[in-house]
Ligand code: ADP
Ligand code: MG
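Residue numbers (this note's numbering): 525 to 1109.
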């Protein structure tokens, strides 16, 4: 299996030297060009969960730049490439900055508008040749070698596709890549790990646009003419179709999808006119029908079928002896750590947290208990910046953190788990925990694509494994997080939070779903963390668990703080007993 990619690469690069018909070469160039665009969509749509209908317009930017600059100004290919890519990047940045802050369907809508606007521009600008486009583009020559439009051009096209695919594979298996893969799960968890989700959405959107522009640049020199129609919204949908058909989540799906679409497209061009006449654009309709069918019956695409039949490769354990990641200076025991002052949160008319105050000193384990709906998780969300505080203040290590975005709070040393577990299902346990080490590492997207960050990656993996072993899950590190039962998933969340090297750890019902033995083990881990000086705020329903573990307990009911005291005091309180008996039984 290890040789599959080199063999495939060698075959594609050597194809022109083999005795294959010219038609094959032409087809293969088209497939390569499509695959470059589809690869961008695999990252954007499949991995990050963002949809763009406008990729054809980015292809157009690359193609028209090459066409205009080479015919009108006589500029050489490297220059036309640089200009095309730069323009596509600027357009993607502008579109992305405007729409990616907003959730939901703004990006797809904006890409439709962008696609239409670009097409309209191409078709109406005198200097771009209007509907006729630009003719007479020279063939591509690099370093004095004329590559022509067939067997000479093929190796360049495929070298670019293959390198792009390799870069994408490298990227996905890296610090920025895991951040991108986490985007599909929503922003709350990623931001709580210190990741700017906007930044990574922009990164993939720009990356996809650049890939499209590079394909467009090749396209111009290959066809030697450009006109508006290959860059229309229809084509944009077709690119999306390739990514979906191949399998949006997988880099190799881009190849399968573009190959299939090119072949089907070709067959249809011959077949459809014979069946239903030549008047009309029936391919689009057929593609539309197939797209709906694929989404319904094979949402993971064709590649997923292939992948399931291949042996799963385990990550090579190459991090023995890696240096430790940097650690923050920890507060001294007893130092004031967290001060929550009269914080309030209202959701419409509902007061979920009503002027609650409490303090945590370094080294404390504080329990936060109360019946369901008391406002415990909301309190967590206020401390960690997931929800905006309606009133009141939170100080951490003497500094106000009220109103800071959640990733800034993470940076200061508060980490948390979620009552409703938020793991990236398709990532392994180890990779999920590595997300926690995001802020302790630096590698950027470009370094990751070039594999220049492996030293740091080994440090990060060593840290992730260490945290997993600590909570007794070392043996499951290669499993997909989505395959675990809920209890172990909660443990993975704790390991992820620990990987951030927190000064304060917030655990929201960590023992829920654990068996008795597992609870005891967890309790022992938390005790060990306390001995190491870590401070913990713990929401838990299991009274035995809380009583044996905590120094102090804050009790909430209906958003109010009912009382605060030692476990013994809380246990003896009639008010607390009434609160629990009143709502739970
Ligand atoms: P607990 O964790 O103590 O069980 P929560 O903090 O989850 O309680 O919820 C407290 C109250 O706030 C509940 O009535 C809940 O329905 C409400 N609530 C929590 N989050 C939201 C939200 N995002 N929007 C509206 N209401 C919410
Ligand atoms: Mg809760």
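Backbone N, C-alpha and C fix where the C-beta goes; we use that ideal spot for every residue, glycine too.
These numbers come from a predicted model, not from an experiment.
- Secondary structure at residue 869: strand, using DSSP grouped into helix, strand and coil.
- Beta-bridge partners of residue 923 (DSSP): 920.
- The criterion of a C-beta distance shorter than 7 Å is satisfied by residue 1022 and residue 991.
- In this model, residue 875 and residue 1088 are separated by some 20 Å (Cα to Cα).
- Under the three-state reduction of DSSP output, residue 730 falls in the helix class.
- For residue 959, the CB contacts under 7 Å within the same chain, skipping 5 residues up- and downstream, are 702, 706, 717, 1020 in chain order.
- Of the residues assessed, residue 821 falls on the exposed side of the cut-off, its CB having fewer than 16 other CB atoms within 10 angstroms.
- The alpha helix (DSSP H) runs of length 4 or more contained entirely in the segment 890 to 951 are, from start to end of the chain, 900 to 907, 930 to 936.
- A straight-line Cα-Cα distance of about 10 Å links residue 616 and residue 579.
- Within the same chain, Cβ atoms closer than 7 Å to the Cβ of residue 885 are found at 858, 859, 860, 861, the five residues on either side in sequence being excluded.
- Shown here, residue 553 sits in a helix according to DSSP, grouped into three states.
- Here the alpha carbons of residue 799 and residue 790 stand approximately 15 Å from one another.
- Taking the Cβ of residue 900 as the reference point, at least one heavy atom of the ligand MG falls within a distance shorter than 6 Å.
- The Cβ atoms of residue 786 and residue 555 lie closer than 7 Å to each other.
- Around the Cβ of residue 1050, a 10 Å sphere holds 16 or more other Cβ atoms; the residue is buried.
- In the DSSP assignment, residue 1080 falls outside any alpha helix (DSSP H) and lies within the beta strand (DSSP E) extending over 1076 to 1081.
- Contact annotation: residue 587 and residue 743 have beta-carbon atoms nearer than 7 Å.
- Cβ contact annotation for residue 869 (same chain, cutoff 7 Å, sequence separation greater than five): 876, 877, 902, 906, 911, 913, 914, in chain order.
- Bridge pairing for residue 874: 871 [DSSP].
- The closest CA to that of residue 852, considering only 1070, 1058, 542, 654, is found on 1058.
- Beta-carbon to beta-carbon, residue 1081 and residue 898 are separated by about 5 Å, close enough to satisfy the 8 Å threshold.
- Per the coordinates, the alpha-carbon of residue 1071 lies some 29 Å from the alpha-carbon of residue 936.
- Around the beta carbon of residue 1060, a 10 Å sphere encloses 16 or more other beta carbons of the protein chains shown; the residue is thus reported as buried.
- Between residue 957 and residue 767, the CB-CB gap reaches or exceeds 7 Å.
- For residue 597, there is no enclosing alpha helix (DSSP H), as DSSP gives it neither H nor E.
- Rounded to whole angstroms, the Cβ separation of residue 589 and residue 661 is 11 Å, and the two are not in contact under 8 Å.
- Cβ contact annotation for residue 582 (same chain, cutoff 6 Å, sequence separation greater than five): 612, 733, 736, 737, in chain order.
- Judged by beta-carbon spacing, residue 942 lies within the 7 Å limit of residue 1032, meaning their Cβ atoms are closer than that value.
- CA-to-CA, the gap between residue 981 and residue 1011 works out to about 28 Å.
- With fewer than 16 other Cβ atoms from the protein chains shown falling within 10 Å of its own Cβ, residue 1096 counts as exposed.
- A straight line joining the alpha-carbon of residue 993 with that of residue 638 spans about 49 Å.
- Per DSSP, reduced to three states, the secondary structure at residue 725 is helical.
- Here the C-alpha atom of residue 918 lies approximately 6 Å from the C-alpha atom of residue 863.
- A straight line joining the alpha-carbon of residue 771 with that of residue 890 spans about 47 Å.
- In this structure, residue 943 has its CB closer than 6 Å to one or more heavy atoms of the ligand MG.
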